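As structure tokens, the structure follows; a few thoughts come after it.
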Amino acid sequence: MPSRRCSMRRRRRFIQKDSRTTTFSSRNMMTSTRQYRPLQWWEIRELEQNGCVCSDWGRVHVCDGTDLTKIRNVRFAGDIRIGADVTIENVGLLEMETEALCGIGTEVCVLDETGSRSVRIFPGLTAQLAMLVARDPAWAEGPVKESFDEHINNYPLDRAIGDGAVIRNCGLLFNVAVGREVRIEGASSLRNGAVINNAAHGRALARIGAGVDADGFIIEDGVVDSAAIIRHCYIGQGAVIEKGFTAHDSLVFSNCSLENGEACALFAGPYTVSMHKSSLLIGCQTSFMNAGSGTNQSNHMYKLGPVHWGLLERGVKTSSGSYLMLGAKIGAFSLLMGQHKTHPDSSQFPFSYLFGDDRGATVVVPGAMLRSCGLMRDEKKWPTRDRRQKRRLPLHDRIIFDVLNPLTVGAMLDALEVIRKLLALPADDDRFLRYKGMKFTRAALERASHLYRLAIYKYLHLHTAENGFPAREPGVEAASWVDIAGLLMTRTSLEHAMSKESITEIEQVFDNAFRHYPNLQRSWIAGRFDDSWRRPAEVIADYAAEFDRMIEEDRHKYLDDLAAQNQMLKL
1 MPSRRCSMRR RRRFIQKDSR TTTFSSRNMM TSTRQYRPLQ WWEIRELEQN
51 GCVCSDWGRV HVCDGTDLTK IRNVRFAGDI RIGADVTIEN VGLLEMETEA
101 LCGIGTEVCV LDETGSRSVR IFPGLTAQLA MLVARDPAWA EGPVKESFDE
151 HINNYPLDRA IGDGAVIRNC GLLFNVAVGR EVRIEGASSL RNGAVINNAA
201 HGRALARIGA GVDADGFIIE DGVVDSAAII RHCYIGQGAV IEKGFTAHDS
251 LVFSNCSLEN GEACALFAGP YTVSMHKSSL LIGCQTSFMN AGSGTNQSNH
301 MYKLGPVHWG LLERGVKTSS GSYLMLGAKI GAFSLLMGQH KTHPDSSQFP
351 FSYLFGDDRG ATVVVPGAML RSCGLMRDEK KWPTRDRRQK RRLPLHDRII
401 FDVLNPLTVG AMLDALEVIR KLLALPADDD RFLRYKGMKF TRAALERASH
451 LYRLAIYKYL HLHTAENGFP AREPGVEAAS WVDIAGLLMT RTSLEHAMSK
501 ESITEIEQVF DNAFRHYPNL QRSWIAGRFD DSWRRPAEVI ADYAAEFDRM
551 IEEDRHKYLD DLAAQNQMLK L
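My numbering numbers the first residue of the sequence shown as 1 and each following residue consecutively.
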């Protein structure tokens, strides 16, 4: 048999409240700055009187001042170091193997269930870096692969239980590293994982609660609670998975909230929310998303396996019972209703209503979401609900919250040209105009042209009212923009990041893009808007005011409807 060595250090309190024996077994000797010594014979006797068992007491070491009265009903196996400030109570088995990876390097088959876009997870993984790997696997297998290999293989993992941690009433913890001040209470089975706390003293968010069953995971400043089941997942900062949610091969980043439902091969970018038992998120990338009850996608055509995947751009909402056949690409801040079976790409038409007709075709009402007061409410609420800020965490994911931004405004500018061309065409016999397999009515396109213009002028008012339009530079074209899992950046910056061959350099490019977003946005305005948009400030202000009135009218209408409903339902 291989020799057994230590998994434990820095522990003082081991409290057993019932007759169940807590077993500690490990095979990994840890380094420590504490001074450890073998047990004295009277200390061994005291432990045995407390119900403790060990086949070789010579392999158990303690620090001077260790309070042995706190250690009861424990079965020790291997090289054990007992330190300070940890509570371990009523645990079935706590074991660490010598070469345990504790979840680091676990391959997560995100987006494509068959594994062609897998992401290896590690502490500090950002949504931006993970997106590059998942969306461009050929790049991830290029020169940058050496940096990933080195980072993962040489990560300084502390296979231990950190200061101030609490592990109570748990079944099995096998090859699980537990960070300082982390609380694990009532977990059923945890295998091959790490629970990491990056918060300052007394502000830890990382926690695992009752009934959790997890294997192949990293939970970093996140919460997994109330009988959730996770397999091969990364749970990021401020994310909460609870109430029996099941997830496998999924990446869950900042401030996501997932309850009751199921996720499979999901890339959950920041602020993805799913709260209902009947909802399935599978094989798609999301951010700022809200899934209605019964939301469903399919990634399997029963031919080549579950290889299909899709993109729901930032801010997409799905109504109750919505269905999307992947692959598909849904434009930003759109509302998906009904069944969609024709693989729509509505990315050119942000802020749209998308209806599925009786044959599964997609009917688009462009710009309809712009009239909703909910958009501005969402933009204001997201920053206030950032759990990372409340805990003063070092922020991993870069998040830009703007609803009107170079990406969505640029899409609206392009949509105006598409709409102009569509309106010049005759409708089909069913009175629909068709574009990329989607259906539009002439009236919807005409309204969209007006709504998009109002929103664009609102954006210009926000960014030019004080300092005017930035000067155009002859011969300089406006950069195209991309949304990298919550970070808005120019495609040039993205290409610059992907030209780097080390993780550190790539993250630096992302940091620079985040830091210089206001300046890059102003440069984009300078190059993107010609003289036809550069109206006098008072004219732009009038359009912006009309946009605001439209939003306010929607809010008042909603409140009036709500009051009428309450009146109808009162006693």
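Even for Gly, the Cβ is constructed at its ideal location relative to N, Cα and C.
As the structure is a computational prediction, the values presented were derived from the model and not from experiment.
Status (buried if at least 16 other CB within 10 Å, exposed otherwise) for residue i
i: Thr-384; result: exposed
i: Asn-299; result: buried
i: Gly-236; result: buried
i: Leu-462; result: exposed
i: Met-289; result: buried
i: Lys-277; result: exposed
i: Gly-142; result: exposed
i: Lys-317; result: buried
i: Asp-345; result: buried
i: Thr-339; result: A small fix is needed here, since residue 339 is Gln in this sequence, not Thr. With 16 or more Cβ atoms within 10 Å of its Cβ, Gln-339 is classed as buried.
i: Thr-504; result: exposed
i: Leu-614; result: In this structure the chain extends from 1 to 571, so residue 614 is not present and cannot be described.
i: Leu-494; result: buried
i: Trp-41; result: exposed
i: Asn-519; result: exposed
i: Asp-386; result: buried
i: Glu-107; result: exposed
i: Ala-427; result: exposed
i: Ser-352; result: buried
i: Gln-285; result: buried
Residue nearest to residue i in terms of C-alpha spacing, selected from the options
i: Ala-122; options: Phe-333, Asn-566, Arg-180, Phe-217; result: Residue identity check: residue 122 is Phe in the sequence provided, not Ala. For Phe-122, the nearest C-alpha among the options comes from Phe-217.
i: Glu-97; options: Thr-114, Asn-175, Gly-105; result: Asn-175
i: Leu-172; options: Gly-238, Gly-186, Asp-163; result: Gly-186
i: Met-325; options: Gly-92, Gly-310, Asn-198; result: Gly-310
i: Phe-401; options: Trp-57, Trp-382, Phe-76; result: Trp-382
i: Glu-477; options: Asn-197, Asp-358, Glu-99, Thr-492; result: Thr-492
i: His-232; options: Leu-157, His-248, Gly-238, Arg-447; result: His-248
Pair within 8 Å by beta-carbon distance, residue i and residue j
i: Ala-268; j: Ser-347; result: no
i: Ile-419; j: Leu-451; result: no
i: Gly-103; j: Ala-194; result: yes
i: Leu-422; j: Phe-440; result: yes
i: Asp-112; j: Ala-361; result: no
i: Ser-116; j: Val-110; result: no
i: Arg-388; j: Ser-274; result: no
i: Leu-258; j: Ile-282; result: no
i: Ile-219; j: Thr-246; result: no
i: Gly-315; j: Ile-399; result: no
i: Thr-272; j: Ser-250; result: no
i: Asp-213; j: Asn-192; result: no
i: Val-403; j: Leu-375; result: yes
i: Leu-336; j: Ser-322; result: yes
Inter-residue Cα distance where the pair is residue i and residue j
i: Asn-566; j: Leu-559; result: 10 Å
i: Ser-226; j: Lys-243; result: 5 Å
i: Ala-200; j: Gly-222; result: 15 Å
i: Lys-557; j: Ala-564; result: 11 Å
i: Gly-527; j: Gly-475; result: 9 Å
i: Ser-189; j: Cys-170; result: 8 Å
i: Ala-165; j: Glu-89; result: 11 Å
i: Val-482; j: Gly-294; result: 30 Å
i: Ala-127; j: Asp-397; result: 6 Å
i: Thr-114; j: Asn-50; result: 52 Å
i: Ser-502; j: Asp-64; result: 45 Å
i: Gly-209; j: Leu-413; result: 48 Å
i: Gly-211; j: Gly-92; result: 14 Å
i: Glu-146; j: Leu-101; result: 19 Å
i: Val-252; j: Glu-313; result: 16 Å
i: Ala-332; j: Asn-405; result: 11 Å
i: Leu-47; j: Phe-76; result: 11 Å
i: Val-62; j: Ile-82; result: 5 Å
i: Ala-125; j: Glu-507; result: The sequence given here has Leu at residue 125, not Ala. Between Leu-125 and Glu-507, the C-alpha separation is close to 10 Å.
i: Ala-424; j: Phe-510; result: 42 Å
i: Thr-66; j: Ala-84; result: 7 Å
i: Tyr-517; j: Phe-469; result: 17 Å
i: Leu-393; j: Asp-79; result: 34 Å
CB contact below 8 Å: residue i versus chain B
i: Asp-542; result: Among the chains in the structure shown there is no chain B, since it carries only a single protein chain.
**OP:** Could you say if the stretch 450 to 460 and the stretch 515 to 523 meet the contact criterion of at least three C-beta pairs nearer than 8 Å?
**Re:** no
Original post:
Below 8 Å, can you find three or more Cβ-Cβ pairs linking the stretch 131 to 148 to the stretch 491 to 509?
Top reply: yes
Original post:
Would you say the stretch 304 to 313 touches the stretch 430 to 437, given that touching needs at least three Cβ pairs under 8 Å?
Top reply: no
**OP:** Would you be able to state if there are at least three C-beta pairs under 8 Å between the stretch 537 to 554 and the stretch 355 to 372?
**Re:** yes
Subject >> Any 3 or more C-beta pairs closer than 8 Å across the stretch 530 to 539 and the stretch 177 to 190 >> reply: no
Original post:
Is the number of C-beta pairs between the stretch 57 to 71 and the stretch 141 to 159 that are closer than 8 Å three or more?
Top reply: no
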